[in-house]
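All remarks here apply to the structure that follows.
Protein chains in written order, with our numbering: chain A, -2 to 321; chain B, 1170 to 1895.
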């Protein structure tokens, strides 16, 4: 397995360089260093001289990919791409264009994002798997049909509606929890109850339908018939045997998401005032802060690659036939 | 059964513990222990980007820099028109004029005969900085925190986390140091361009700093104390001088802005350490001043916290104001030491709905009114006056409205072949458009009435603004029944025909005249506005093409003069002098040619000559006459469609006192007082938890589960029966 992990890590290097290059090209196709400078310098009294000074002090006065004025290796290293993007591969994120340490910002924001995303994922999975199995248990009954219709209904409602309605009912009408905000330590719980519940409820429709499909397929297999023939109860067959055998497709969808939980949720964090990473990239794009954009795209790529690797490894835990 | 009972017990215990732990409302987003304290709660939407006084120029940053930094002057909190008073200075300085030989000149010397103006600023002695590690010294009297390493920074997230804090007396050299910082290429202050045209030697200092910077090793920073600078010099510990080329009376107003606040050299040296920068501890994130407050927590994604500066030098609440202030209770605290509030918590609220609901619950002390909430908060009576709705009145809210010292306008690029130029064709086309675009319907439609139609560039509250018939724009309005009435669309069509576009037809193409409008605004709301704008132009038969772009691209187009009409631009006052607004149409300020802020590139030599005369005059009838002449010119030439002056609506809870909107004041926090006991009581009253729906929900859930349970039991019994038969 170690050899497999090393091989996958080596494969990741050209992928990450490619992602970096594409991010760089796409960003600078849309924005110029002058645009970035104007965005950073604000709205009043922005002069061409101020723009040139800003570019010079932030290293945006260099050529994009090749420096004709420089000799030897400098013609490649004294470029915008090398100075801004290549260092990222060594996880040196440097400073944002607004002057803040990106690593420090990411570390600070990662915790709140995880505090929201992890319970939402775990509780959501438990609820969705349970509902999925129950629908299989009640297959071909009015409950199954009603459940599927309800799932479709739940899926059809905008996540924004859940959030606004949840805040209105629980936070404003019933005054049970704060409408938004965040705090450290145990006090965090009162701010997270509502967004976690909303996250779970909002995901029930699609999650339950997905798990139902997986378990329904498993339920038609021979080992289930054998288990029934042995006299096992339906609930035991579903919650022990079908659940275990249905884990492979579940893992494919879930484990790959685990590392990406760090990246947070844009809408939930925005509405609930959770100071996570969810809006970090979007705000950076709006502010045309290339330093943050390239760092976050790189981090996202790394986490996705890690997620895929973890998925492969997790297969071996649930299916002894798979060897890495 | 025993396990079930245990579970029940655990759930009950948890519930009891959870409720017992909450003395106050369950939905209180702040710790219950804070409820009775005089803590001011507010919010911010966008993270402040710069708190360095030489760089910060955004309004939302000013609520922090204005509370922390003390420039030598400030505006009187209550008096109108806006009046400058000393802050750290002993008085408002008057310039000493000098001739080319450096000999003193009398105060009434004509501006053209003055070579240099010297402002001598004397500071109150005994003013001390907030506690800060930059001032902490070791036993040998040397700075305690130098050459900090990553290990030294373990567990430190703000300057307040350092074990040793220090302070020292405010020195005149701190002000001089900050003025030098305006020239530093490392700081890149937004007002350097403007100030280098006035402060003696500032441009030269920039060149010397640029040259010195090239000699620095990577990671090194400039030591500004090593550079001589004629424009600002220390006279003694409590006195410094600023030298201005020629005359620049507006400098006094700049001396009330944070750009001219003191920054101690040891503070910049302290923040220059890489270990601090790696933790986002910089002058841009943790400012250091002598003001009433100090920033103790800066998490721009969550909250900013300011606490009262224990070393604040004892300013007192004003004892006089304008008529009506006493009756409004604004002088109840006259003479009392400032500040009243000991802590201010600003939470980040990105979305307007949760923010508004929390304000209604009493968790924010004051609020603006968003478009979504306007109908809920305000009703407009038959005369068009705003009043609070019954819901707001029942909550004891106060409403304050004020016209901000700023203007939003639609500009014409005077360099454009079609809409520009001062010849009759371009002028009449602009005048026709100015009449056709019906701002009287725009303001209620898109701004909920939060604006007043501008008749010229100078907003109300500033010298030069005139109300009534005298202040009316006669090109666009007629005076009818005691009020201005927009001229008819027929009058606009007539002007359009005189401009050479009868019925909006371009004689060159034989088709509708096509003009482009550039704007940085995007989004659905903006689309509706632009549809409305198209309709206005349609009345003249002119086809309007909307070109929306990002803010930087919009700015670039303006800079290159690559626009015809631009919309979404405005100007908020730096200081309450008409010069600040009239300069936006001054020829040598033209954006395309001189990189100034005259986006319209309006260039009228007569106007420019009057501007040069007006900017050096004292307020009075003579200055008003010159301004009137200038306004008549620009109204006739119509380089701007005059747009509107924004009106700000503010809501205050009943427990917040001494609230008076002040468009020039950077921060009014030190004047505010709040009744924390009343707030705590109201919060409890308004936020009583309603639990019965939870019980009802659980009951409904149980009912919903019942059919499933019934099917399950039937199936289990069925299986047993089948087994029995088998």
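Backbone N, C-alpha and C fix where the C-beta goes; we use that ideal spot for every residue, glycine too.
Beta-carbon gap between residue i and residue j smaller than 8 Å
i	j	result
residue 1247 of chain B	residue 1487 of chain B	yes
residue 1221 of chain B	residue 1392 of chain B	no
residue 1688 of chain B	residue 1737 of chain B	yes
residue 1582 of chain B	residue 1719 of chain B	no
residue 1198 of chain B	residue 1532 of chain B	yes
residue 270 of chain A	residue 110 of chain A	no
residue 1518 of chain B	residue 1212 of chain B	yes
residue 28 of chain A	residue 285 of chain A	yes
residue 1739 of chain B	residue 1627 of chain B	no
residue 1585 of chain B	residue 1705 of chain B	no
residue 1239 of chain B	residue 1537 of chain B	no
residue 39 of chain A	residue 1226 of chain B	yes
residue 76 of chain A	residue 104 of chain A	no
residue 279 of chain A	residue 263 of chain A	yes
residue 246 of chain A	residue 201 of chain A	no
residue 1307 of chain B	residue 1313 of chain B	yes
residue 13 of chain A	residue 295 of chain A	yes
residue 1811 of chain B	residue 1624 of chain B	yes
residue 42 of chain A	residue 1766 of chain B	yes
residue 1832 of chain B	residue 1492 of chain B	no
Limits of the unbroken beta strand (DSSP E) element including residue i
i	result
residue 1609 of chain B	Residue 1609 of chain B -> not in any beta strand (DSSP E); alpha helix (DSSP H) instead, spanning 1608 to 1616.
residue 1972 of chain B	What the structure shows of chain B is the stretch from 1170 to 1895, and residue 1972 of chain B is not part of that stretch, so it cannot be assessed.
residue 1243 of chain B	1242 to 1244
residue 85 of chain A	It is not in any beta strand (DSSP E) - residue 85 of chain A carries neither H nor E in the DSSP assignment.
residue 1548 of chain B	1547 to 1549
Residue i to residue j span [Cα, whole Å]
i	j	result
residue 1190 of chain B	residue 187 of chain A	Residue confidence for residue 1190 of chain B is low, a pLDDT of 49 falling below 50, so the modelled location carries little weight; the figure read from the coordinates is stated next. Their Cα atoms are separated by approximately 12 Å.
residue 1550 of chain B	residue 1558 of chain B	11 Å
residue 1878 of chain B	residue 1852 of chain B	44 Å
residue 1788 of chain B	residue 1420 of chain B	15 Å
residue 1640 of chain B	residue 1769 of chain B	22 Å
residue 1230 of chain B	residue 170 of chain A	34 Å
residue 1561 of chain B	residue 1828 of chain B	17 Å
residue 199 of chain A	residue 151 of chain A	7 Å
residue 165 of chain A	residue 1542 of chain B	14 Å
residue 1699 of chain B	residue 1552 of chain B	28 Å
residue 1757 of chain B	residue 1327 of chain B	45 Å
residue 1824 of chain B	residue 1801 of chain B	47 Å
residue 1278 of chain B	residue 1781 of chain B	15 Å
residue 1668 of chain B	residue 1725 of chain B	30 Å
residue 1618 of chain B	residue 1490 of chain B	29 Å
residue 1293 of chain B	residue 1257 of chain B	6 Å
Which residues DSSP lists as bridging residue i, in chain order
i	result
residue 1738 of chain B	B:1578
residue 1717 of chain B	B:1688
residue 1213 of chain B	B:1517
residue 1266 of chain B	B:1274, B:1286
residue 1648 of chain B	B:1653
residue 1568 of chain B	B:1820
residue 1731 of chain B	Paired residue(s): none; residue 1731 of chain B is not in a bridge.
residue 1759 of chain B	B:1767
residue 1258 of chain B	B:1292
Start and end residues, alpha helix (DSSP H) containing residue i
i	result
residue 50 of chain A	45 to 55
residue 1555 of chain B	No alpha helix (DSSP H) holds residue 1555 of chain B; the beta strand (DSSP E) holding it covers 1555 to 1557.
residue 1139 of chain B	Only positions 1170 to 1895 of chain B appear in this structure, which leaves residue 1139 of chain B out of reach.
residue 1362 of chain B	1361 to 1365
Practice task
Entirely within the stretch 1654 to 1704 of chain B and at least 3 residues each: give me those beta strand (DSSP E) ranges in chain order.
Solution key: Every unbroken stretch of the beta strand (DSSP E) spanning 3 or more residues and falling wholly within the stretch 1654 to 1704 of chain B is given here in chain order: 1683 to 1688.
Problem - 4 or more residues per run - each alpha helix (DSSP H) lying fully within the stretch 111 to 199 of chain A - result: The DSSP assignment places 139 to 153, 156 to 163 as complete runs of the alpha helix (DSSP H) inside the stretch 111 to 199 of chain A, in order along the chain (cut-off: 4 residues).
Exercise for the section: Enumerate, from N- to C-terminal direction, the unbroken alpha helix (DSSP H) stretches of 4 or more residues contained entirely within the stretch 229 to 297 of chain A. Expected result: You should have 244 to 251, 263 to 269, 277 to 283.
Problem - 4 or more residues per run - each alpha helix (DSSP H) lying fully within the stretch 1462 to 1539 of chain B - result: Counting only runs of 4 or more residues that sit fully inside the stretch 1462 to 1539 of chain B, the alpha helix (DSSP H) segments are 1521 to 1529, in chain order.
Exercise for the section: At 4 residues or longer, and completely inside the stretch 1848 to 1895 of chain B: list those alpha helix (DSSP H) runs for me, N to C. Expected result: You should have 1861 to 1894.
Practice task
Jot down the residue ranges of each uninterrupted beta strand (DSSP E) in the stretch 1379 to 1462 of chain B, minimum 3 residues, whole runs only, in chain order.
Solution key: If we require 3 residues or more, the beta strand (DSSP E) runs fully inside the stretch 1379 to 1462 of chain B come out as 1401 to 1405, 1408 to 1414.
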